[in-house]
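To convert, count from 1 in the sequence shown and add 24; that's the numbering used here. Glycine is no exception: its CB is placed at the ideal position from the N, C-alpha and C atoms. Quick caveat: nothing in here was measured; it's all calculated off a predicted structure. Report on one structure; see the data block that follows.
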Amino acid sequence: MKPKLAMFSFTSCEGCQLQILNLEDELLSILNAVEIVNFREAIDEKAQDYDIAFVEGSITTPEEIEEVKDIRSKAKLVVAIGACACLGGVNAMKNFFPLDFVRNEVYKEKASCFPTLPVQRVGDVIKVDYEMHGCPITKKEFLHVTKSLLLGIPLKQIHYSICTECKTAGNVCLFDKGETCIGAITRGGCDAICPTFGDGCEGCRGFVDEPNFEGMIQVLADRGLTKPEIKNKFTYFNGLDVIETINDKIEEFVK
Ligand code: SF4
Ligand code: SF4
Ligand code: SF4
Numbered sequence: 025m026k027p028k029l030a031m032f033s034f035t036s037c038e039g040c041q042l043q044i045l046n047l048e049d050e051l052l053s054i055l056n057a058v059e060i061v062n063f064r065e066a067i068d069e070k071a072q073d074y075d076i077a078f079v080e081g082s083i084t085t086p087e088e089i090e091e092v093k094d095i096r097s098k099a100k101l102v103v104a105i106g107a108c109a110c111l112g113g114v115n116a117m118k119n120f121f122p123l124d125f126v127r128n129e130v131y132k133e134k135a136s137c138f139p140t141l142p143v144q145r146v147g148d149v150i151k152v153d154y155e156m157h158g159c160p161i162t163k164k165e166f167l168h169v170t171k172s173l174l175l176g177i178p179l180k181q182i183h184y185s186i187c188t189e190c191k192t193a194g195n196v197c198l199f200d201k202g203e204t205c206i207g208a209i210t211r212g213g214c215d216a217i218c219p220t221f222g223d224g225c226e227g228c229r230g231f232v233d234e235p236n237f238e239g240m241i242q243v244l245a246d247r248g249l250t251k252p253e254i255k256n257k258f259t260y261f262n263g264l265d266v267i268e269t270i271n272d273k274i275e276e277f278v279k
């Protein structure tokens, strides 16, 4: 019997699942090793019996809470995939505004038909066995995590920053080009893809352990960013982590 894999999607753009579908060269090998029994973007089947559940998206409605709890009760292992599921991601910006204001902006006169809750990570609602970070996840990491889970190899999160990978890639730091980047406080794992192509890291893989927020704020302020611009850098993907503290820290460290 092959292990059964299931893919589920909650509030998200489904771009992480698309990354899995984009594994064109490897998909046949994967299908030799596992049976995919639930994957709305790829198959019609919706089996209720699976071993590993990959869960994309953040949790934002009462129905999603019940659905993700049901997935947890059926799966031996649950892996949260992508920034929406692991961090709240861009969806977490909703939590900066009153819930009724957001609901009315989006649904207008139909607002009362759409119950909505403050954004939560998947791990806020159920126990998660592993978090695969990124917006979107990388194909390389999906293959590594899936193989490791199938072989029973323990998984470890990356704890070094994007700067480590950026230096390994031989990039000139964007700060030396007059630009900005929060790679110094962001978890590695994407091979510093944004700085490598000339864009500052926006933090989609979450913060490293013990990030030096104060130092990062000061560096960004020294480079001329305003307080709202600094706040945007910290909250673009990581609003849930800093929503309570970031305004105070910016006020404290930007004079
Ligand atoms: S993490 Fe990014 S790519 Fe993945 S579902 Fe969320 S918004 Fe889409
Ligand atoms: S460009 Fe960003 S990730 Fe690269 S070294 Fe500079 S701060 Fe670090
Ligand atoms: S460089 Fe930063 S924003 Fe870009 S993919 Fe990596 S973690 Fe995400």
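message: Which residue marks the beginning of the alpha helix (DSSP H) containing F237, and which one marks its end?
response: 237-246
field: Simplified DSSP state of E69, which is helix, strand or coil
entry: coil
- prompt: Is E253 close to chain B, meaning its C-beta is less than 8 Å from at least one C-beta of that chain?
  reply: You won't find chain B in this structure, because it holds only one protein chain.
query: Using the C-alpha atoms, what's the distance from V103 back to A30?
result: 10 Å
message: Measuring only from the beta carbon, is G224 closer than 7 Å to any heavy atom that is part of ligand 2?
response: yes
- prompt: Can you find a heavy atom of ligand 3 that lies under 7 Å from the Cβ of G147?
  reply: no
message: N195 and P160 - do their beta-carbons sit closer together than 8 Å?
response: no
message: In this structure, how does DSSP classify N56 when only helix, strand and coil are distinguished?
response: helix
task: Can you have a look at R64 and say buried or exposed, based on whether 16 or more other CB atoms are within 10 angstroms of its CB?
output: exposed
- request: Check F231 in the structure and name its three-state DSSP category.
  value: strand
- prompt: ligand 3 heavy atoms versus the CB of T259: any closer than 7 Å?
  reply: no
query: G106: beta carbon under 7 Å from a heavy atom of ligand 3?
result: no
field: R127, DSSP secondary structure in three states
entry: helix
query: Roughly how many whole angstroms lie between the Cα atoms of E90 and S97?
result: 11 Å
task: Express the C-alpha separation of L47 and E69 in angstroms, rounding to a whole number.
output: 20 Å
task: Below 8 Å on the Cβ atoms is my guess for G106 versus S36; work out the distance and round it to an integer in Å.
output: 7 Å
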